[in-house]
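Under the working numbering, read the sequence shown as residues 43 to 535, first letter to last.
All remarks here apply to the structure that follows.
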Amino acid sequence: MSDEREYRIEKLEALRAAGIDPYPTRSARDHTAAEARARFDELQDTTITLAGRLMQLREMGKAAFAHIEDGSGRIQIYIKRDVVGDEAFALLKKLDLSDIVEATGTLFTTRTGEKTLNVERYRLLAKSLAPLPAKGAEGALKLSDDETRYRRRYLDLIANRETELPIFVARGRILAAMRAFLNARGFLEVETPILQPLYGGATARPFVTHHNTLDRDLYLRIAIELYLKRLIVGGIERVYEIGRNFRNEGIDRNHNPEFTMMELYQAYADYEEMMRLVEELYAYIAEQTLGTRQFTYLGVELDLTPPWRRVSLREAIAEHTGIDYVQYPTRDELAAAMRAKGYDVDPKLGRGRLIDDLQGLVVKGENASIKGPVFLYDYPVDLLPLAKRKPGAPDLVEAFQAYAGGLELGKAFTELNDPLDQRARFEDQARQRAGGDDEAQALDEDFIEALEVGMPPTGGFGGGIDRLTMLLTNQSSIREVILFPTLREQRQE
């Protein structure tokens, strides 16, 4: 036990011995700090009650100034001994920074012009046993490193309120704007299983768990796709879900094993209609979140106003890497061409995944050749096994991926609705799995059975909420936009 914590526990016990409950059940707060400041003139002659975390306390003989902070911000309070009484004033000695207090009184303006609550009475709402982070050179609270910030986000939000809270407020606005846009266009929001008997809808390794009563293994979903398509088969023509996906993969600045996706499907639409929908959706979200479609992401000026640039995948890769993958129809030929250009080649990956690696050189990361916003369209069939073949080009599928600022924002298809073709592609994925690609997709008999009932021509799109939040809040790491990112186990000192 640290000396500071021990000291605070002694204060806690002294409060209880004096008959003071350090954790009362209820608060009488009737205004937030922001409301008190905003409605100052209206409330000046009214007794109000504020509450918040004690952030500063300055005793000056028979009076004290303090700052308390609630979810809306800070406000100053003024406590005079002859107003609150000797016993209540002495209680200040039992308080520590980070304690949560409630104060009742009237508003006034100090000689320095600060709006302040003149306290008539106050009480402790929650005794803090752990100190706040130490103050930095400029007097602000500081956390030692990013690892501590992510692991103890509650301290991060207290210490770095002005920079951290706006990120998560923006994330909430992004989700609200997304729902408003889709709901207005007749899409129905649904929920589908997270625990699934078979994972699918993406190329990724799953997390496996076990259900004791059923005595069977289940998987945390890696994508929302296949269940939403079952709903299209069932006659829900416009459907979407915003939910968590889980992929047992590496962690870097763009990836977290647990992340949030939005997937939507629209019957009687194709990937060109999805392009129009996506660029309108993202422009709307930017406008609702930032008040503008033009903004800067990591020093790059972006404008999400439609129409976005459209470039075929083949053209983009050939222009920026010098490799025309169509000229290398086998996996080994493409691998040799990549090595000749000095690119690393993973021996376990098939031809489609190697093309995906080339794509990353063009549009992903700080060194991306195309900053966007851009749609790369028309992908090799072996790269996207759930997309429909392009008429007149059987080696291609009607698919696109959306990029901006080096971030992949999502992908869309004209969805494959031929059950026989789908089965053949699943079987090809199974062969790739047997060859060592443990992220290749599994054969889902139940999904094929649903397709055999008949799915209308359909367009679909899946977009990452975390990366969209990174883009609109100018953050370089996904950990900055997830409240509690996945971290390595903390080492015990």
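Built from N, CA and C at the ideal position, the CB exists for glycine as well.
Straight-line gap, residue 309 to residue 316 (C-alpha atoms, nearest Å) = 11 Å
Of the listed residues 259, 131 and 501, nearest to residue 319 (C-alpha basis) | For residue 319, the nearest C-alpha among the options comes from 501.
Presumed contact (8 Å Cβ cut-off) between residue 306 and residue 210, rounded CB distance | So it is not a contact: roughly 24 Å between Cβ atoms.
Name the two residues that bound the continuous alpha helix (DSSP H) containing residue 317.
-> 313-332
In terms of DSSP beta bridges, what is residue 304 paired with?
-> 284 and 505
Three-way DSSP call (helix, strand, coil) for residue 104 in this model = coil
In terms of residue numbering, what span does the alpha helix (DSSP H) encompassing residue 88 cover?
-> Looking at the DSSP string, residue 88 is not in any alpha helix (DSSP H), and its letter there is neither H nor E.
Determine the direct distance from the alpha carbon of residue 510 to that of residue 202, and round the result to whole angstroms.
-> 22 Å
With C-beta atoms as the reference, is residue 396 less than 8 Å away from residue 421?
-> no
Quick one: residues in its chain with C-beta nearer than 8 Å to the C-beta of residue 486, no 5 flanking neighbours on either side, listed in chain order?
-> 240, 242, 268 and 468
Beta strand (DSSP E) segment containing residue 162, residue limits | 157-168
Anyone know if the C-beta pair for residue 344 and residue 447 falls short of 8 Å?
-> yes
Nearest neighbour of residue 498, chosen from 278, 338, 376 and 287 [CA to CA] = 278
How about residue 290 and residue 247: do their beta carbons lie closer than 8 Å?
-> yes
Residue 102, buried or exposed, once every other Cβ within 10 Å from all chains shown has been counted against 16 | exposed
Cβ neighbours of residue 274 in the same chain (closer than 6 Å, five flanking residues each side left out) | 307, 309, 497 and 500
So, using beta-carbon positions, are residue 282 and residue 303 closer together than 8 Å?
-> No, these two residues do not count as a Cβ contact at 8 Å.
Stretch pair the region 124-140 + the region 166-176: three plus CB contacts closer than 8 Å = Yes, since at least three Cβ pairs between the region 124-140 and the region 166-176 fall closer than 8 Å, the two stretches touch.
Is it true that the CB of residue 170 sits closer than 8 Å to the CB of residue 141?
-> yes
Just mark residue 530 as buried or exposed, buried being the case when its beta carbon has 16 or more other beta carbons within 10 Å.
-> exposed
Just grab the DSSP bridge partners of residue 354 for me.
-> 419
Paired residues, beta bridge with residue 443 - DSSP = 418 and 453
CB contact flag (residue 471, residue 483, <8 Å) = yes
Leaving out the 5 sequence neighbours to the left and right, which residues in its chain are closer than 6 Å to residue 426 when beta-carbon positions are compared?
-> 439 and 441
Residue 489 lies in the alpha helix (DSSP H); which residues open and close that run?
-> Looking at the DSSP string, the run of the alpha helix (DSSP H) that includes residue 489 is 487-495.
To the nearest angstrom, report how far apart residue 90 and residue 113 are at their CA atoms.
-> 17 Å
Determine, using beta carbons only, whether residue 287 and residue 272 come nearer to each other than 8 Å.
-> no
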